[in-house]
Each structure stands twice: as structure tokens, then as C-alpha cells.
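Colleague:
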Amino acid sequence: VLVPRDGEAAGPGDFVSVIIYGPAEVAVASLIAAGERVTVAEGGSVRALRRVEVDGVQLAEAAPSLGVALEDGDSDGNGRIWVMVNPQ
Numbered sequence: 003v004l005v006p007r008d009g010e011a012a013g014p015g016d017f018v019s020v021i022i023y024g025p026a027e028v029a030v031a032s033l034i035a036a037g038e039r040v041t042v043a044e045g046g047s048v049r050a051l052r053r054v055e056v057d058g059v060q061l062a063e064a065a066p067s068l069g070v071a072l073e074d075g076d077s078d079g080n081g082r083i084w085v086m087v088n089p090q
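Be aware that the sequence shown starts at 3, since it is given in our numbering, and climbs by one per residue.
(1) Classify Gly69 as helix, strand or coil using the three-state DSSP reduction.
(2) Going by the DSSP bridge assignment, what does Gly2 pair with across the sheet?
(3) Go through its chain and collect everything with a Cβ distance to Arg49's Cβ below 6 angstroms, but skip five positions before and after it.
(4) Would you call Ser19 buried or exposed, if buried means 16 or more other Cβ atoms sit within 10 Å of its Cβ?
(5) Give every residue of the same chain whose Cβ lies closer than 7 angstroms to the Cβ of Gly75, excluding the five residues on either side of it in the sequence, and list them in chain order.
(6) Which two residues bound the contiguous beta strand (DSSP E) that contains Leu61?
(7) Residue range of the beta strand (DSSP E) that Arg52 falls in?
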């Protein structure tokens, strides 16, 4: 996970934080509840894995999981939340 820098893109020679496991603050693309598994959304933010019901069984979409939301996210997509990064 590349940690966001207040809306500025990293330029040549800039240092960035790279998180491969552990807590990281990330931008959210949609409403996310604490405990939900998240994946990468368009634009580099995160979104909750989509769920569908098949014959009464709840299934998560078959997308790579970035980790688990540690807090609730906002619904306008402009906020950030903490995620426990644990790629699967």
C-alpha cells in the first residue's frame, strides 16, 4: 500500500511509505464498516468487498483483499480510514 500524501502525487526523487503488512491510513471510495474486508477501488482508494447471496449463503466477491477496515469510513469517499493491511 502506498500511503497517501495529502492529495499530492509523489514526484521523481520523493520518498513514499510502502506498507506490506500492518496498519495503514488509506483513502476510502465508499461506505465501509469496521471489520469489513477491503480491496482496491478505482483511483487507488479502497472499498468493501461486495457480497452476494446464493441460495441463502452470503459470498464475498472473488477479488484480492487488501486487508480489514479498523474503523468506519465516510460515505462521500473523501475521508480516510485505518486498515490492517494483510493481502490475501
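Note that beta-carbon positions come from the ideal geometry of N, C-alpha and C, so glycine has one too.
Modeller: The answer reads as follows:
(1) By 1-based counting over the sequence shown, the position of residue 69 is 67. Here Gly69 sits in strand by DSSP.
(2) Lying before the first or after the last residue shown, residue 2 is absent from the chain, which here runs from 3 to 90.
(3) Reading the sequence shown from its first residue, position 47 is the one you call residue 49. Here the set comprises Ala31, Ser32, Ala43.
(4) Translated into positions along the sequence shown, residue 19 becomes position 17. That one is exposed.
(5) Taking the sequence shown and counting its residues from 1, the one referred to as residue 75 is at position 73. Only Val30, Leu33, Ile34, Gly81, Ile83 meet the Cβ criterion.
(6) Numbered from its first residue, the sequence shown carries residue 61 at position 59. Leu61 -> beta strand (DSSP E) spans 59-62.
(7) What you label residue 52 is simply residue 50 of the sequence shown in a count that begins at 1. Careful: Arg52 lies outside any beta strand (DSSP E) and carries neither H nor E.
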